[in-house]
Each structure stands twice: as C-alpha cells, then as structure tokens.
Amino acid sequence: MSKNSKIKINSRYFPGAIEKKWSKKWQEKGMNEFDFSSKKPKYYNLVELPYPSGDLHLGHWFAFTPADAHARYKKMNGFNVFFPNGFDAFGLPAENAAIKRGIHPKDWTMQNIQNMTKQFETMGTMIDWSHEVITCLPDFYGWNQWIFLKMFEKGIAYRGKALSNWCPVDQTVLANEHIEGGKCWRCGSEVIQKEVEQWFLRITDYADRLIWPEDNSSKSDGEKDTASNEPVDWPDQVKEGQNNWIGKSEGMLLEFSVINKGDNNGLNIDSIKVFTTRPDTTDGATFLVVAPEHPFAREIKQKDVSEYIKEAQKKTEMERKEDRTKSGVFTGAYVKNPVSGKDIPVWVADYVLAGYGTGAIMAVPFADERDREFARKFNLPIEETDFKAKPEGEKTVNYHLRDWSISRQRYWGTPVPIIHCEKCGLVPVPYEDLPVELPYNVDYTPKGKPPLATDEEWLNTKCPKCQGAAKRDAETLDTFFDSAWYYYRYVSPHFEKLPFDTKEVAELMPVDVYFGGSEHTLGHTLYARFFTKFFKDIGLVGFDEFARKRVQHGVILGPDGNRMSKSRGNVVNPDEIVKEYGADTVRLYLCFMMPYEATAPWSTEAIGGMYKFLWRVWNLIQVWLSTDRIQDNADINHEYIRIKNRTIKKVGEDLENFHFNTAISAIMIYFNEFSKNLEKTISKDEINTLILLLAPFAPFITEELWHLVNPNAKSVHLQPWPGYDEKYLLEEEVPVAVQINGKLRDTVRIRNSELKIQNKVEEEIKKSEKVQKYLEGKKILKVIYVEGKIINFVVS
RNA sequence: GGGUGAGUGGCGGAACGGUAUACGCGAUAGUCUCAAAAACUAUUGGCCGCAAGGUCUUGAGAGUUCGAAUCUCUCCUCGCCCACCA
22 MSKNSKIKIN SRYFPGAIEK KWSKKWQEKG MNEFDFSSKK PKYYNLVELP
72 YPSGDLHLGH WFAFTPADAH ARYKKMNGFN VFFPNGFDAF GLPAENAAIK
122 RGIHPKDWTM QNIQNMTKQF ETMGTMIDWS HEVITCLPDF YGWNQWIFLK
172 MFEKGIAYRG KALSNWCPVD QTVLANEHIE GGKCWRCGSE VIQKEVEQWF
222 LRITDYADRL IWPEDNSSKS DGEKDTASNE PVDWPDQVKE GQNNWIGKSE
272 GMLLEFSVIN KGDNNGLNID SIKVFTTRPD TTDGATFLVV APEHPFAREI
322 KQKDVSEYIK EAQKKTEMER KEDRTKSGVF TGAYVKNPVS GKDIPVWVAD
372 YVLAGYGTGA IMAVPFADER DREFARKFNL PIEETDFKAK PEGEKTVNYH
422 LRDWSISRQR YWGTPVPIIH CEKCGLVPVP YEDLPVELPY NVDYTPKGKP
472 PLATDEEWLN TKCPKCQGAA KRDAETLDTF FDSAWYYYRY VSPHFEKLPF
522 DTKEVAELMP VDVYFGGSEH TLGHTLYARF FTKFFKDIGL VGFDEFARKR
572 VQHGVILGPD GNRMSKSRGN VVNPDEIVKE YGADTVRLYL CFMMPYEATA
622 PWSTEAIGGM YKFLWRVWNL IQVWLSTDRI QDNADINHEY IRIKNRTIKK
672 VGEDLENFHF NTAISAIMIY FNEFSKNLEK TISKDEINTL ILLLAPFAPF
722 ITEELWHLVN PNAKSVHLQP WPGYDEKYLL EEEVPVAVQI NGKLRDTVRI
772 RNSELKIQNK VEEEIKKSEK VQKYLEGKKI LKVIYVEGKI INFVVS
C-alpha cells in the first residue's frame, strides 16, 4: 500500500453480524458434512463427547476450539477430516437434576441437548452434526444391549456378588473412581459398604493386553496400531497411570500349615495361603496376618476376635484407608514358617485387604514398613532376613485392577437385556427383540430398589426359553459403558445390522487424534481400549487400539486461580464473552493463553488484547483494500518474503503438534511486521497468507476478510494451506553471537554466503572493536563455531 | 507412602544444549482531546551509571560442558492421579 498519512477505515469490525451470517451460510452449504466418497486420506478428529448438563461452559470451549483449529488445519492440508460430536446423555446427574426440578430426565436431557447444540453453533466449529450420537436414544443404547449380550455369551459380562461401595442417598452402587474422599462424587454423602449382587465385566481377563509395553518399539499386543503399523502415540503420563492402575505384580502363593489345628475352639482349617512378591524374604516372616473378612478369621470363635471383626466391618473401606493406625488381635493359632521352621502366630488386622491377593499376608517386619509398624505396636519379633530364601510355592500373578461393576440401581440408563426366569435362570433377551426400551412413565425417585422394578407392566414378561412367567432385569448400565464405544457409532450412526458398519469403521478408524481431559486416564480411556480389544476378539475390528494419538488438555481456572464453581462465584460464562467480543476472540484467546495441556486462570483483561488484535487485522486489511490495490507480487519485498515463509513453517508445525499458543504468537509477529511499516508495499499474497494462517483459529473473521480480498473465491476453509520454501528462510545477513569464554560480548552480522566458512567468519568478527577489546593480549586456546548461530573464543 | 508433571518479569507464558524473558496482558510517559475513554508512539527483569557501558538473574545447591532455564545428582515448594496392593 502506498504511503497513506491518515488511516481511513471504511467498515468497522462487528463480530456479531459476521459470525451469524457465516454460521448460517456454512450450514446451508453443508460445508462441514463429511464426504465418504472422497479419495483424500482420512483424518478422524475426536473430542470427548460432552455431558448435556444444560449449558456449554468454558471447559467445553477449551476442549473443542483448539481441537477444531487442528481439524481445520488438517482439512486445509488435504485431509478428509471427520469431526463428529454427540452427547453422553444417560447418567445420574441428569436424573438428580430432573428429580430436583420435577421434570422427566428424558425431557430435561433433550432440552439441554437442544440448547447446547445451539450454543455449539456460535462456536464456529467444523463439527459434522449429521453423525451425531445421543446415547439415551434407543438407536444407540439398543446396541449397548447387543454388545452386552455378546459379552454375556463370551463370559465377559457376568453376575457376581461383591462388597460394594453403596451411596445411601443416590441408592446406587458406586465405582471406586466415583468416590472422592469417602464420599459420593455426585451428592457428597458418605459411602458405606454393602454386599450387592450385580453385573460385572471381566476386564481383568484383558489386564495383560491392556498393559502398555515399557518400550514403544517392541511388538507385543497393544502398542502397535495394526492398521498402519505405526506406534501408538499416547502420553507417558497416561500409559504409566494405566499400568499402575492395572498393577500387575508377579509373585508366589505360599502355603503355611496350621500347627494347632483342633485346639482353640475346634479350628478346622489346614493351612493359610498368602500372596507375596518377595518370597526371598520368607525366612524373615515372624507372623501371619489375615483380613477380617478372611474365612480363617471367621472360623475363630474367640470373643475378642469376633468383636474385632464386627468393629472392622462397621467401618467403610474408606474409613479403614483413612485411619492408618494399626489395629488387630491375635487368633490363638500358629502356623509353620516353611523356611525358618519356626512356629509363628496368626493375627487378624484390617490393614490387610480382603480383596487383594488371598486376603492374607506373611508379615516380614524386617523388610516391610507396615509390618514393622504392626510388630512394634504388638511386640512381635523382628528377624533379619538375608533375602536368600527359596520357598516352594505356586507362581502367580496378581492385579490391582478389579472387574468393572456396571450395574446401576437407577432409572436413567440402558436397561440390562436379561430376563430372570425361576426355571431357566438368566436368559438373554433374543437379539431380534432389541432394543429393550426404557419405559417413560416410571417413578424414578430413589426408593432402595431399582426404579424399573416398580413398573410392573414393564417388569413382568415371558421367559424366551420356557415361555413361563419371568421378570426383566431392572438394573441399568453404567454410562461408562456408553462412552466406551460411542466413537464407533459416530461413523455410521444409523446402521441397523450391527453396532457399527464394520467396513466404514475399517476405513475411518482408528481415531487419528483423541482430545480429552486427564481425568479420564483411568476410567474412560481404559474402558474404551478394553472394548476395542473385545471388538477385535469377536471379529468386528482389525486393530488393537482405538486411537493413534491421545492429547490431553488442562483446565481453565477462574480468574481468582481456583477451580470454577458456582459456590465460589468465579464462573466465567462463555455466552457473555461471546456477546461482548465474538466467538473468534474467545477461540483465539483460548488457543493463545497457555499451552493446551496446561492449567491456568482465565484473565478478563487479557482477552481484550485478543479482540484488539483481530480488530487491528481487520483495520489493516480495510486500509489495504482502500488504497491502490497492489498487483500480485509487484515490488517484491525480500524481508517480507522471508518472514512469510518462516511464519508459514512455524504455524504449520505448531498446529501439527498442538502448540496453539506459539502458532498465534507467530501470526502476531508476522502481522506486527506490516503494521509497523505501513509505508511499505504489502502484496495480496502477503495479505492472503495472513488470512489463511489465521483461518483455523478465527474462522468467521477470516471468511469475511477472505471474500473481501478475493471476491470470487471459494470459502477460506476450502483453500489449501500455504506452502513455504526453505530457500527463502535465510536472511542475507545473519547475526552471529560472539562469546568470549562463554560470555556474550557482541553480535556481528555475517553475510549468508560466508556463514559456512569459519575462517571468514572469524575474520569478520575480529574486526569488531568490542571483540578486539576482549581479545587484546589474550591467547586464543580454542574456537567453537556453531554455523549461523554463535562463536565462542576460549582464551587464556 | 507411590506415580507423574511443574517451578523463568507484576501476570499468562516463550526458548528445552548455542544471543533467556518471544508473543500477549498489565504498568509508566507522550500524541490526540475542553476533558476522559479509545486509538497510536515510546519505555518496561534487578542492581550500578548522566551516558557509553558494566554486572547479576530461570526455586536452592553442586556437577558435566567451550557454553546449562534446558542434561546429571541432592534438596525445597506446588499441581494432578493413585494410595495400608503384601
């Protein structure tokens, strides 16, 4: 643009109108619809599906908009990008909220979905809603039931009885992951222990296959993506976390025979088995401890023992874990240490867990701190061990991972497709009768029995086997069951023969990148991997891992640095900010404010800076348009060419690697170069590059500007990503830092053509007065030269 | 207790063996204005100095290196996840 003394702006930047306009146009054109027939390489861009809580909050914006920028970048790079979304619509929170407000959970949920879908529109993502999945609709949960029945057939789903975490207010069983500090994650009430019969998934059968290999280059099950034969790229944090959670430990089962069988009130057990990972310390075992729930403990008729057991059972598991002071009683029984040959006493104590190993341990106070603490408290002997014992025993493997309890005594979930017949037992609902629909008119308030059990009409049915009277299973499935496979359903959301079209899934999956929160490291993503391995076993898919790459985002805290919560009053409402600044500004700020994986507070002031930036971009282009339009590449400005190429490279690499913040910073630097030198000519190509680089982040303003600059062109989001050429990256003169003994003393500009020749560089640098001053009278011992960057003189 | 990530200006952060503090926010001064806001311009890690310049600085301390925010060790602090797992 030629010299213009006064900046005249023809039109001002009003994000509201622009965003509404383009949102509508894109929708009309079906811009975001995935094209299955395309020959371009596919790219499945997945974000964890949101829970329909009522309103989109800032966390949703933070999860979705950088992911959208990545997807848009991929699309501009020639990929056929699949970016679907849906709603995780079943579950307790909906039910609780519905009870509180007196609305039916379904109505409440569907209203929220409608509302949130509208809010999603303002976000300007390229989500293809034609593949939407809503998990509370029979179209989806019927396939939950199908999968459940397959698992039942294979023995993966089974009915078991277990001491479970029970929330007395929500009237439901809770998974360990849903207890926070001994309290229910939803309602905050104290969790108690209760024996409950329920459905389990035998995830422990898959424990070994779910373990991530230590070395990513080896070739066992799980670490290679069989479809592409490329290593699966998940953060170490997740891999380590899951491996620890699975907690495989190899050890030995040792048998200790009871010495004084028969005495002590007719004790009738021959031996006690213990699990140990350190059989080499067996000679140091000076006593045995069994958990209060252990059968041996129950055999003991001594009054102090039975009283101790009673006391221990009153406590919840959580209370036991919180109270770390050791307690226990002597049972009067002795066993023989197979290595030392000594008779050692058997105690009952609640620091031993019934659910791990055999529920009994050999205590080696010399080697184990907990055992030592116990021994000290009760004056039991501590004997040194030389770690050389080799007792005989059965080698075994124990896992920390337990089978996944999927039963919920609640209304708002997938009905378990099983019929309880007095004659035939557990009878699966025939596949052709699926889905077992969740009845609408049910009293879903908590009663201590599953709400579905109160609907007699629904409950009573015929046994498919004997045609006799039978009852449906009144429980519903954990919603983590839904989220374990929803991303398969996205591919073919209306497929009627199977949970998903296996052909299409083979083409589109595995997922290329899966964005989500780190809170799902141990629950959701582990279940999703488990389901994928099950699908492989029943021949539905050909790969082991459902997602090639996992990217976990951090958390946006309130402006005060605390987690946003209504009670703190520090919740930032994205709708209000969008109203004030427009979605592009919010998107830009969320991408720019911090690294995607970081956790940092929202800043009410800093977002203004993003708005200002877009405003300045808008103005610059308005000015450019209002002056004589410069023909393409007229008056080539070499400095601009260099910085343009450098910026294209940087922004592309950053978007590829999810470094959204530095990508935007690079665009700002590029922009500043122009706005600081308004007297210099800017070519159309340079303006277009600015718009194209910004397009993934700020889709609305860039679309508007693109059409102003290129009136007859297609959408900016259908344009190819600009290319760069390495040969333009180098400056004609490069500043080389000069160090004397490692301290920076000067920088000298060296001609590009001379950079490779160290002698010439040294010669140039020694011309500098400053350098001369430091070298005067010194002997140069060594010179280290890093081409184009730094030269270090080591002097005496 | 175990695992894992992180400590850099007033703030969010950049650089991750080669010119520390990019980019943004905030702050200060100026231009414009009756005035204010906005916008624009300049300055903005500390200390010494009128200046040129010097000097110190990436939680603390040591080490490796020509050169360390970056690698190694010890310690301190914080976040997240798990937690009496034998």
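In this text, residue positions in the first sequence follow the numbering used here: the first is 22, and each later residue adds one.
Every residue gets a Cβ at the ideal spot worked out from N, C-alpha and C, and that includes glycine.
Where residue i falls, given that 16 or more other Cβ within 10 Å makes a residue buried
{"i": "Asp149", "result": "buried"}
{"i": "Phe57", "result": "exposed"}
{"i": "Asn709", "result": "buried"}
{"i": "Gly16", "result": "The question about residue 16 has no answer, for the chain in this structure spans 22 to 817."}
{"i": "Ser278", "result": "exposed"}
{"i": "His315", "result": "buried"}
{"i": "Cys188", "result": "buried"}
{"i": "Gly798", "result": "exposed"}
{"i": "Lys554", "result": "buried"}
{"i": "Tyr511", "result": "buried"}
{"i": "Pro595", "result": "buried"}
{"i": "His515", "result": "exposed"}
{"i": "Lys95", "result": "buried"}
{"i": "Ala604", "result": "buried"}
{"i": "Ile807", "result": "Contrary to the premise, residue 807 reads as Val rather than Ile in this sequence. Classification for Val807: exposed."}
Run of the beta strand (DSSP E) containing residue i, from where it starts to where it stops
{"i": "Arg571", "result": "571-574"}
{"i": "Ala354", "result": "350-357"}
{"i": "Gln263", "result": "Looking at the DSSP string, Gln263 is not in any beta strand (DSSP E); the run it does join, the alpha helix (DSSP H), is 257-267."}
{"i": "Glu271", "result": "270-278"}
{"i": "Leu67", "result": "63-68"}
{"i": "Arg493", "result": "490-493"}
{"i": "Ser292", "result": "292-297"}
{"i": "Pro386", "result": "It is not in any beta strand (DSSP E) - Pro386 carries neither H nor E in the DSSP assignment."}
{"i": "Asn101", "result": "101-103"}
{"i": "Leu447", "result": "446-449"}
Boundaries (first-last residue) of the alpha helix (DSSP H) holding residue i
{"i": "His91", "result": "79-97"}
{"i": "Cys612", "result": "604-613"}
{"i": "Met631", "result": "627-647"}
{"i": "Gln760", "result": "Looking at the DSSP string, Gln760 is not in any alpha helix (DSSP H); the run it does join, the beta strand (DSSP E), is 754-761."}
{"i": "Pro126", "result": "126-144"}
{"i": "Thr668", "result": "659-677"}
For residue i, three-class secondary structure by DSSP
{"i": "Tyr420", "result": "coil"}
{"i": "Ser817", "result": "coil"}
{"i": "Arg766", "result": "strand"}
{"i": "Ser238", "result": "Note that Ser238 scores 41 on pLDDT, short of 50, meaning its location in the model is unreliable and no value can be drawn from it."}
{"i": "Lys409", "result": "coil"}
{"i": "Leu802", "result": "strand"}
{"i": "Arg393", "result": "helix"}
{"i": "Tyr535", "result": "strand"}
{"i": "Ser696", "result": "helix"}
{"i": "Asp596", "result": "helix"}
{"i": "Ser17", "result": "Residue 17 lies beyond the range of the chain shown here (22 to 817); nothing can be said about it."}
{"i": "Asp746", "result": "coil"}
{"i": "Tyr47", "result": "In the sequence as displayed, the identity of residue 47 is Trp instead of Tyr. Reduced to three states, the DSSP call for Trp47 is helix."}
{"i": "Ala248", "result": "Residue placement at Ala248 cannot be trusted, given a pLDDT of 48 that sits under 50; what the coordinates show is reported in the next sentence. Coil at Ala248, not helix or strand."}
{"i": "Ala822", "result": "Any property of residue 822 remains undetermined from this structure, which presents the chain solely from 22 to 817."}
One or two residues paired with residue i in a DSSP bridge
{"i": "Ala178", "result": "Leu222"}
{"i": "Phe308", "result": "Ala384"}
{"i": "Ser807", "result": "Correcting the residue type first, residue 807 is Val in the shown sequence and not Ser. DSSP output for Val807 lists Ile811 as bridge partner(s)."}
{"i": "Phe108", "result": "Ile155"}
{"i": "Thr1", "result": "Only positions 22 to 817 of the chain appear in this structure, which leaves residue 1 out of reach."}
{"i": "Ala183", "result": "Val217"}
Does the region 694-702 come close enough to the region 718-733 that 3 or more CB-CB pairs lie under 8 Å?
By the Cβ criterion, the region 718-733 is not in contact with the region 694-702, since fewer than three pairs of Cβ atoms, one from each stretch, lie closer than 8 Å.
Does the pairing of the region 320-329 with the region 417-428 give three or more beta-carbon distances under 8 Å?
Look at the beta carbons and you see the region 320-329 not touching the region 417-428: under three pairs across the two are nearer than 8 Å.
Across the region 109-125 and the region 566-573, are there enough close Cβ pairs to call them in contact, namely three or more that are closer than 8 Å?
no
Specify whether the region 580-589 and the region 264-282 touch according to this definition: at least 3 beta carbon pairs, one from each stretch, less than 8 Å apart.
no
Per the contact definition of three or more C-beta pairs closer than 8 Å, is the region 70-77 in contact with the region 44-53?
no
Flag this pair as touching only if the region 446-459 and the region 151-163 have three or more C-beta atom pairs under 8 Å; answer yes or no.
Yes, the region 446-459 is in contact with the region 151-163.
With a cut-off of 8 Å, do at least 3 Cβ pairs link the region 723-741 to the region 753-763?
Verdict: no, contact absent.
Can you find at least 3 beta carbon pairs, one from the region 554-567 and one from the region 520-531, that sit closer than 8 Å?
yes
Measuring CB atoms only, is the region 133-147 touching the region 420-429, in the sense that at least three cross pairs come out at less than 8 Å?
The region 133-147 vs the region 420-429: no contact.
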